[in-house]
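To start, the structure itself, in structure tokens.
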Amino acid sequence: MSLPVRDFYRSMADRVGQTLAERGLDDKILIQVGSATCEHAAGSQTVEEEFARHIRASGRKDIVIHRTGCTGRCSREPIVGIHVPGLIPVKYERVNRDLVHRIFTEHIQNSTPVVKHILDHDGETLPEREFLFCEGARCQRSGPSLRDRFSALLEARGIEPHRVRVGAASCFGACGISGGEPATFVLARPEKVLYRLSSDEDLVALVEGHVLAGQVVERLKAKEEPIALEFLERYGDVSFFNRQSRIALRNAGVVDPESLDEYIGCDGFKALTDVLARRDPEWVINELTKARLRGRGGGGFTTGAKWALARKQADTTRFIICNGDEGDPGAFMDRSMLESDPFNIVEGMIIGGFSIGAQKGFFYIRAEYPLAIKRIQHAIDVCRANGLLGQNIMGSGFDFDMEIRLGAGAFVCGEETALIRSIEGERGQPKVRPPYPTDRGLWGHPTCINNVETFANISAILRYSGDWYARIGTEKSGGTKVFALAGKVKHTGLVEVPLGTTLSRVVNDIGGGVSGGKKLKAIQTGGPAGGFIPAAMQDMEVDFEPLQKAGSIMGSGGMIVLSEDDCMVDIAKFYMAFSQEESCGKCTPCREGTTRILEILERITQGKGEPEDLDKLHRLSRLCQRTSLCGLGRAAPNPVLSSLKHFREEFLAHIHDKHCPAKKCVALIRYEINAEKCIGCTICARNCPVECITGARKEAHVIDQEACVKCGNCFDVCKFAAIDRV
Amino acid sequence: MSECCHCQTDNWEDLERGYRTMLPEDVLAFIDANREKEHSESMLIATLHMVQGHFGHLGPGHLEAVAQLMQVPLAKVTGVATFYHYFRLQPRGKYLINVCLGTACYVKGAEKVAQKLTEELGIRFGETSKDGIFSLESTRCVGTCGLAPVVMIGDEVHGPLTPNQVPNLLETYLARAAEDLVGASTPEQK
Ligand SMILES: Cc1cc2nc3c(=O)[nH]c(=O)nc-3n(C[C@H](O)[C@H](O)[C@H](O)COP(=O)(O)O)c2cc1C
Ligand code: FES
Chain A
1 MSLPVRDFYR
11 SMADRVGQTL
21 AERGLDDKIL
31 IQVGSATCEH
41 AAGSQTVEEE
51 FARHIRASGR
61 KDIVIHRTGC
71 TGRCSREPIV
81 GIHVPGLIPV
91 KYERVNRDLV
101 HRIFTEHIQN
111 STPVVKHILD
121 HDGETLPERE
131 FLFCEGARCQ
141 RSGPSLRDRF
151 SALLEARGIE
161 PHRVRVGAAS
171 CFGACGISGG
181 EPATFVLARP
191 EKVLYRLSSD
201 EDLVALVEGH
211 VLAGQVVERL
221 KAKEEPIALE
231 FLERYGDVSF
241 FNRQSRIALR
251 NAGVVDPESL
261 DEYIGCDGFK
271 ALTDVLARRD
281 PEWVINELTK
291 ARLRGRGGGG
301 FTTGAKWALA
311 RKQADTTRFI
321 ICNGDEGDPG
331 AFMDRSMLES
341 DPFNIVEGMI
351 IGGFSIGAQK
361 GFFYIRAEYP
371 LAIKRIQHAI
381 DVCRANGLLG
391 QNIMGSGFDF
401 DMEIRLGAGA
411 FVCGEETALI
421 RSIEGERGQP
431 KVRPPYPTDR
441 GLWGHPTCIN
451 NVETFANISA
461 ILRYSGDWYA
471 RIGTEKSGGT
481 KVFALAGKVK
491 HTGLVEVPLG
501 TTLSRVVNDI
511 GGGVSGGKKL
521 KAIQTGGPAG
531 GFIPAAMQDM
541 EVDFEPLQKA
551 GSIMGSGGMI
561 VLSEDDCMVD
571 IAKFYMAFSQ
581 EESCGKCTPC
591 REGTTRILEI
601 LERITQGKGE
611 PEDLDKLHRL
621 SRLCQRTSLC
631 GLGRAAPNPV
641 LSSLKHFREE
651 FLAHIHDKHC
661 PAKKCVALIR
671 YEINAEKCIG
681 CTICARNCPV
691 ECITGARKEA
701 HVIDQEACVK
711 CGNCFDVCKF
721 AAIDRV
Chain B
1 MSECCHCQTD
11 NWEDLERGYR
21 TMLPEDVLAF
31 IDANREKEHS
41 ESMLIATLHM
51 VQGHFGHLGP
61 GHLEAVAQLM
71 QVPLAKVTGV
81 ATFYHYFRLQ
91 PRGKYLINVC
101 LGTACYVKGA
111 EKVAQKLTEE
121 LGIRFGETSK
131 DGIFSLESTR
141 CVGTCGLAPV
151 VMIGDEVHGP
161 LTPNQVPNLL
171 ETYLARAAED
181 LVGASTPEQK
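Chains as they are written, first to last, in UniProt numbering: chain A, 1 to 726; chain B, 1 to 190.
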């Protein structure tokens with residue numbers, strides 16, 4: 001019997017294969033330009049236009065622009081990739097008009113890359129080849145030692161390291177796909193061949209065959225097709241990327257987010273085909289349970305269990321919702337996934353809809369993300385036009401459709417019951433749970449709400465199995481987590497690592513440590529509902545339980561790096577001000593509690609704190625935690641409690657000594673001019689907004705402390721370090 | 001059910017005609033298309049988004065027209081419009097400047113940029129400049145934290161910004177506004 005769903009997929013995949021072949025991108029020179037909010041802000045649209053102009057002027061038909069989503073390397077945008085067939089892809093950072101011209105004339109037309117502007121590259125030349133050895137980060141294989149022996153072999157044959165580079169990637173996630181013996185995997189670029197090595201003989205064969213004879217060693221080719229291969233082929237040389245394990249973000253920066261064909265070309269909708277062909281929701285739920293996938297929206301509830309709960313309800317009118325409200329200020333992974341790989345989220349949601357028996361899905365996306373809304377709407381329309389949404393999906397008889405509902409700037413609407421109210425067109429005020437939405441949600445019907453990133457993992461789990469996913473994470477939670485790394489860190493951006501990775505690895509190894517050579521003070525996770533992990537605890541593993549034990553939470557993935565220049569009382573106040581403003585006002589403990597806590601914190605930062613304030617803070621926080629209606633109020637005191645726990649001495653310094661150790665709290669600092677260093681250049685006086693600095697030219701100046709508003713302008717503009725902040 | 005929702009007064013037709021003149025065509029079409037659908041009242045927020053998209057803010061007349069045409073109590077429409085930060089009840093300038101005061105921007109010195117903006121524009125947060133060109137507001141994270149500190153003007157995100165770059169940035173928008181003005185008064189252009 002022929003299965004209509006599989007036939008549907010096959011004919012769709014054939015058609016796509018043909019279209020992609022006709023485009024013939026593999027034989028052309030590709031100019032890859034990122035297109036997402038950050039890229040646009042950095043000027044990628046101008047860059048794209050400029051390249052288009054150059055291509056037109058050159059009259060060459062073998063050069064095309066390929067638009068992709070965002071790779072998550074925000075601080076170096078706009079990033080442009082140049083792919084010449086047969087050569088390792090090159091990526092340029094911070095590209096502007098002038099650089100476009102140089103890249104086009106020197107690199108594309110003259111084959112001499114503009115080495116100085118290559119992303120994270122030092123060295124004068126580019127290697128012809130590169131071998132990326134998996135470090136066996138998860139399986140503790142012999143990767144590193146094999147790699148060293150491989151380098152030694154190359155050296156013995158007189159092959160210089162700048163011609164053939166030997167690098168490392170943390171883990172391809174390849175072992176265990178086919179269940180065979182663990183081995184060391186090696187990715188050879190630019191051929192994009194994955195080898196599976198186990199002995200020194202294999203190494204010799206690789207050098208003689210692949211490197212010297214220039215031929216792929218068929219015998220050693222891995223049968224496994226690891227998930228992020230395409231990503232690593234493009235970005236594997238950059239340590240920011242090759243130390244990550246990309247699953248949810250596998251297509252970000254690889255596919256054109258507006259091309260269904262390209263998504264299908266990356267095995268898109270294979271998982272859905274499987275699900276619909278099997279017609280077995282229990283199988284899906286089982287795999288998710290085996291995968292130990294936990295919700296990525298913050299709560300960490302097991303996704304398999306949530307779907308099973310919704311599924312067993314008697315009421316058969318059911319809904320599934322994707323929570324794209326991303327309220328944590330300082331987090332942007334959901335936006336990036338919606339913008340860069342929208343079809344993947346849509347596929348995850350259709351699978352969810354089928355598994356819980358829903359007829360309709362809703363995307364709830366915040367209005368502040370116009371591009372994400374546009375891309376998702378486009379993905380929905382295209383899927384509907386191609387029989388992937390709507391009536392009788394892929395010929396399976398399953399009917400399911402979805403629509404977008406916009407948020408309108410209320411943090412509390414990320415909370416599931418408030419979100420439901422908002423979709424219903426009401427004020428977004430939470431309700432008491434139980435009943436949980438899986439019992440009675442949208443319009444009183446069973447409703448399943450999941451985070452964007454949760455959905456982004458679904459298709460991968462079903463394609464590679466739950467066991468495979470579970471092996472990547474920890475004992476309690478499977479898989480990876482995406483973090484939005486920001487704040488005082490050198491490389492800001494999106495980092496996807498296996499759960500159980502240490503904080504230090506994320507911040508120091510991948511993020512490059514604190515910017516400006518400052519000392520790390522703390523790492524904030526979980527946003528306004530989370531807390532601070534002091535620098536001394538940076539070797540902690542990132543997972544739901546350890547973070548909670550340390551007084552923070554995993555949250556949705558915001559990770560803010562704080563340096564010695566940041567005042568913990570001030571940051572705690574910042575979060576409290578946020579929660580106070582966002583409190584919906586429905587319940588008293590949260591509405592009043594956050595207001596009073598904020599008042600006390602304000603007093604302390606103004607130098608008016610009293611010794612009993614710490615006790616008061618503690619008591620109020622506890623009260624707010626225990627008695628608030630929803631998660632907002634219950635979690636709002638977390639930043640305060642956690643800063644009190646780890647940085648009590650900073651509070652004490654503010655209260656007893658009226659001193660801000662980080663010199664951040666305006667009321668507790670003073671600016672003074674060091675008469676010995678001041679040469680009387682007058683720049684400070686000219687920049688003072690209240691004209692409180694006096695002094696003649698070439699003579700030491702003085703600040704009138706009474707009039708000074710402590711804006712710090714003088715401190716910033718002084719070229720002789722003559723102004724002290726005390 | 002729809003019978004009872006259309007509680008009608010004697011002069012409803014006159015009233016309806018009046019309310020319809022207050023909203024643009026696309027909003028009217030949207031309301032009409034949803035009227036017969038199940039849970040049509042849930043489209044209230046989407047409708048308000050459209051109205052604000054058209055007028056730049058939600059005036060009292062707009063709220064009343066939406067309430068009447070969607071057959072939702074005005075109290076509820078007002079309640080929703082005031083609950084969500086995204087909705088603005090006051091008219092705003094040509095360019096809306098949104099200073100991000102999210103965490104990433106805050107720790108990277110957004111306050112100084114904000115300070116500079118208030119000085120340069122001579123207005124406080126929530127106000128519009130006298131020439132009607134700029135309105136100043138703050139927001140909590142526009143999702144480009146990697147570029148912190150950022151400022152969003154209209155749909156465009158700018159970052160990382162230092163206070164010193166602020167005057168130039170405003171200058172470019174002023175120039176753009178002036179250009180639009182010239183463009184608008186040239187007869188051959190629409
Ligand atoms: C105040 C508050 C804000 C929240 N904001 C979000 C959010 O922005 N995005 C999100 O996915 N979940 C958010 N949540 C969690 C949701 O209530 C819900 O647990 C989650 O969307 C479930 O999805 P998951 O199981 O896939 O994690 C928030 C919760 C609270 C209490
Ligand atoms: S905190 Fe400003 S963009 Fe995210």
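C-beta: ideal position from N, C-alpha, C; glycine also.
Checklist entry - So, does the CB of T417(A) fall closer than 8 angstroms to a CB anywhere in chain B? => result Not closer than 8 angstroms to any Cβ of chain B, the Cβ of T417(A) fails to qualify, so no.
Item to check | Nearest-angstrom Cβ-Cβ length linking L338(A) and I365(A), presumed shorter than 8 angstroms | outcome: Between I365(A) and L338(A) the Cβ distance is about 7 angstroms, and since that is below 8 angstroms, they are a contact.
Checklist entry - Fully enclosed by the segment 77-132 of chain A, which alpha helix (DSSP H) runs are 4 residues long or longer? => result Here the runs fully enclosed are 97-102.
Item to check | Close-in-space but distant-in-sequence residues of the same chain around residue 729(A) (CB under 6 angstroms, 5 per side omitted) | outcome: Summary: the structure shown does not reach residue 729(A), with chain A confined to residues 1 through 726, and so no result is reported for it.
Next on the checklist: With the cut-off set at 8 angstroms, would you say R246(A) and E496(A) are in Cβ contact?
Outcome noted: Contact flag set, yes.
Item to check | Sequence-distant residues of its chain with Cβ nearer than 6 angstroms to residue 736(A) (five each side left out) | outcome: This structure cannot speak to residue 736(A), because chain A is shown only from 1 to 726.
Item to check | the segment 434-443 of chain A in contact with the segment 415-422 of chain A per 3-pair CB rule at 8 angstroms | outcome: Three or more Cβ pairs closer than 8 angstroms define a contact, and the segment 434-443 of chain A meets that threshold against the segment 415-422 of chain A.
Checklist entry - Does any C-beta atom of chain A lie closer than 8 angstroms to the C-beta of Q175(B)? => result For clarity, residue 175(B) is Ala in the given sequence; the question names Gln instead. Not one chain A Cβ lies under 8 angstroms of A175(B).
Checklist entry - Would you call the CB atoms of L154(A) and V207(A) closer than 8 angstroms? => result In this structure, V207(A) lies closer than 8 angstroms to L154(A) by Cβ.
Next on the checklist: Is any non-hydrogen atom of ligand 2 found closer than 7 angstroms to the C-beta of P161(A), if you look at the structure I gave you?
Outcome noted: No; taking the cut-off as 7 angstroms, the Cβ of P161(A) has no heavy atom of ligand 2 nearer than that.
Checklist entry - Name the DSSP beta bridge partners of N323(A), please? => result Beta-bridge pairing links N323(A) to Y364(A), N451(A).
Next on the checklist: Buried or exposed, going by whether 16 or more other CB atoms sit within 10 Å of the CB of R294(A)?
Outcome noted: The residue in question, R294(A), is buried, as its Cβ has 16 or more Cβ neighbours within 10 Å.
Next on the checklist: Let me check understanding here. Comparing Cα to Cα, which of E13(B), L136(B), E38(B) lies closest to K116(B)?
Outcome noted: It is L136(B).
Item to check | Beta-carbon proximity list for K663(A), same chain, < 7 angstroms, skipping 5 on both sides | outcome: Closer than 7 angstroms at Cβ, skipping near neighbours: I669, R725.
Checklist entry - Would you call W468(A) buried or exposed, if buried means 16 or more other Cβ atoms sit within 10 Å of its Cβ? => result By the neighbour-count criterion, in which 16 or more other beta carbons inside 10 Å mark a residue as buried, W468(A) falls on the buried side.
Next on the checklist: Please tell me whether K192(A) and Q429(A) are closer than 8 angstroms, where the distance is taken between their beta carbons.
Outcome noted: Between K192(A) and Q429(A), the CB-CB gap reaches or exceeds 8 angstroms.
Checklist entry - According to DSSP, is V432(A) helix, strand or coil? => result Annotated three-state conformation of V432(A) is coil, per DSSP.
Checklist entry - Which term fits K116(A), buried or exposed, when burial requires 16 or more other beta carbons within 10 angstroms of its beta carbon? => result Taking all protein chains in view, the Cβ of K116(A) is surrounded by fewer than 16 other Cβ atoms within 10 Å, so the residue is classified as exposed.
Checklist entry - Is C4(B) helix, strand or coil by DSSP? => result Low per-residue confidence applies at C4(B): pLDDT is 49, beneath 50, and the placement is therefore not dependable enough to give any value.
Checklist entry - Between the segment 359-378 of chain A and the segment 314-330 of chain A, do three or more beta carbon pairs fall short of 8 angstroms? => result With the rule of 3 Cβ pairs closer than 8 angstroms, the segment 359-378 of chain A counts as touching the segment 314-330 of chain A.
Item to check | the segment 353-372 of chain A: positions lying closer than 7 angstroms to chain B by Cβ | outcome: Per Cβ criterion, the list reads A367, E368, Y369, P370.
Checklist entry - Does at least one heavy atom of ligand 4 sit under 7 angstroms from the Cβ of L309(A)? => result You won't find ligand 4 in this model; what it holds is ligand 1 and ligand 2.
Next on the checklist: Going by the DSSP bridge assignment, what does H62(B) pair with across the sheet?
Outcome noted: DSSP output for H62(B) lists no bridge partner at all.
Checklist entry - Taking only beta-carbon atoms, is M1(B) less than 8 angstroms away from chain A? => result With a pLDDT of only 41 at M1(B), under the threshold of 50, the placement of this residue in the model should not be trusted, and no figure is reported.
Checklist entry - Between which two residues does the beta strand (DSSP E) carrying D401(A) extend? => result Run containing D401(A): 401-406, per the beta strand (DSSP E) assignment.
Item to check | Same chain, Cβ closer than 8 angstroms to G712(A), five either side skipped, listed in chain order | outcome: Counting only residues of its own chain and dropping the five nearest sequence neighbours on each side, G712(A) has a CB closer than 8 angstroms to the CB of Y671, R725.
Checklist entry - Listed in chain order, which residues of the segment 40-74 of chain B have Cβ atoms closer than 7 angstroms to some Cβ of chain A? => result Flagged, chain order: E41, S42, M43, L44, I45, A46, H49.
Checklist entry - Cα separation between R335(A) and I472(A)? => result I472(A) has its alpha-carbon roughly 24 angstroms from the corresponding atom of R335(A).
Item to check | Pair within 8 angstroms by beta-carbon distance, G348(A) and C70(A) | outcome: For the 8 angstroms CB-CB criterion, G348(A) and C70(A) do not form a contact.
Item to check | Option nearest A271(A) by Cα separation, candidates P161(A), K306(A), M394(A) | outcome: Of the listed residues, the one whose Cα sits closest to A271(A) is M394(A).
Item to check | Local Cβ density within 10 Å of S111(A), reported as buried at 16 or more and exposed below that | outcome: By the 10 Å Cβ count, S111(A) comes out exposed.
Next on the checklist: I'd like the list of long-range same chain contacts for Q189(B), defined as Cβ closer than 8 angstroms, with 5 residues on each side in sequence excluded.
Outcome noted: Its pLDDT being 42, under 50, Q189(B) is placed unreliably in this model, and the coordinates cannot settle the point.
Checklist entry - Is residue 733(A) near ligand 2, in the sense that its beta carbon is under 7 angstroms from a heavy atom of that ligand? => result As shown, chain A starts at 1 and ends at 726. That puts residue 733(A) outside it, with no answer to give.
Next on the checklist: Given this structure, state the Cα-to-Cα distance separating F83(B) from T525(A), to the nearest angstrom.
Outcome noted: Taking the straight line from one Cα to the other gives about 28 angstroms.
Next on the checklist: For P498(A), list the residues DSSP reports as bridge partners.
Outcome noted: Residue pairing by DSSP places P498(A) opposite T480(A) in a beta bridge.
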